[in-house]
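Structural data, given as structure tokens:
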């Protein structure tokens, strides 16, 4: 099992749909100790800000009580929280199942959160509003991209009250997740099992590239880009499979990894050590995928594995290009390569809906009305 210093659980009294670390203020080098969570499945949901209390070092119990996170402030939220993006230490974007997007201002000094801007009716089918399922921000600009159940993509600017661009027929099915690859490119995964890429500099609604998971049209539910190789994407599917995509290839994923027994709700590369990846699932599991030993074998031919739970790596139709010699995610030898996976919440049974990772601390939210913080993970 992966070496874990402490797992802290906080019961919050409502289902948690999203959880995100709030970035530190500029100039701060240490990891953030505050995070935001959003709820779902209530008539009126909550958007909450928490402070992660540091361990005193006196207790090494698997589940600590003394170090539970402290609620700093919260606010009511209409609709289910479907996605959260923290622009910086003060500005938090939240999307809603009502089809709207909200910008909140958080003051750490006053421990208060207040609404600042609201974009209403961004997503609708006919005259009926529908869910804004996801959003993404681009660190290089003030652009915000939203996508929804209506298959529409909107481009927002924080200083404007209306979308600066809408792609009305981006897909004929629900767009489940979206990410900014480059300053001008976005990638989205769909209910129809496609991964599509748009260059926002180009006119028209058609994507520049369309890639397909399989002929069975298994829904893709989440996507994340490699922080150092933006052409490399990881996506989670309705069938529990983790797929790795190389944007330099055409049509199909390069690697398929048999993962969870239920839907994969979120996938995240570690921001500084992307040979480590994390997934959470409807089956209640939260996994750490440690690809460092596969990366070592790819470059040295040495196995270097520890005995633990091993997941088989299968190949998609593509080849890995030139990067597979150093990346475990583009392994091309399905019969020899195994990847270590560690179950971080082995006794949980209800859906883990969201995760976020910073430094050595992993944050997650679940349908068991709890927040889990897994501290001091060993990240190689």
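Numbering (the working numbering), first residue to last: 1 to 380. Glycine residues also receive a C-beta, built at the ideal position from the N, C-alpha and C atoms. In this text the structure is predicted, and so the values were computed from the model without any measurement.
Proximity of the region 147-160 to the region 170-178 meets the contact definition, three or more beta-carbon pairs being nearer than 8 Å. Contact between the region 199-217 and the region 262-276 is not established, with fewer than three Cβ pairs separated by less than 8 Å. Counting the other CB atoms within 10 Å of its CB gives residue 204 a total below 16, which places it among the exposed residues.
The C-beta distance from residue 352 to residue 257 rounds to 18 Å, too long to meet the 8 Å contact threshold. Here residue 258 is bridged, per DSSP, to 241. Residue 235 is positioned such that its CB atom lies no closer than 8 Å to that of residue 277.
Contact check for residue 39 and residue 81: beta-carbon distance about 6 Å, within the 8 Å limit, so the pair qualifies. Here the alpha carbon of residue 169 sits roughly 12 Å from the alpha carbon of residue 123. Counting only the Cα atoms, residue 96 lies some 6 Å from residue 131.
If you ignore the 5 residues before and after residue 77, its C-beta comes within less than 6 Å of the C-beta of 45 and 47, all in its own chain and listed in chain order. A residue is called buried when at least 16 other Cβ atoms come within 10 angstroms of its Cβ; residue 139 does not meet this threshold and is exposed. In its chain, beyond the 5 residues on either side, 47 and 113 have a beta carbon closer than 6 Å to the beta carbon of residue 75. Within a 10 Å sphere around the beta-carbon of residue 211 sit 16 or more other beta-carbons, which makes this residue buried. Residue environment analysis places residue 240 among the buried positions, since at least 16 neighbouring C-beta atoms fall within 10 angstroms of its C-beta.
CA-to-CA, the gap between residue 141 and residue 347 works out to about 42 Å. Within the region 35-115, the runs of beta strand (DSSP E) that reach at least 3 residues and sit entirely inside it are, in chain order, 44-51, 70-78, 81-86, 91-96 and 101-107.
A distance below 8 Å between beta-carbons, with the five flanking residues on each side excluded, links residue 101 to the following residues of its chain, in chain order: 93, 94, 95, 118, 119, 122, 132, 135, 144, 146 and 156. Counting along the chain, residue 194 sits inside the beta strand (DSSP E) bounded by residues 194-199. Under DSSP, the beta-bridge partners assigned to residue 246 are 232. Rounded to the nearest whole angstrom, the CA to CA distance from residue 342 to residue 126 is 45 Å.
The beta carbons of residue 209 and residue 223 sit about 14 Å from each other, so the pair does not count as a contact at 8 Å.
In this structure residue 31 does not touch residue 364 by the C-beta definition: roughly 16 Å separates them, more than the 8 Å allowed.
Contact annotation, residue 226 with residue 220: C-beta distance approximately 17 Å; criterion of less than 8 Å not satisfied.
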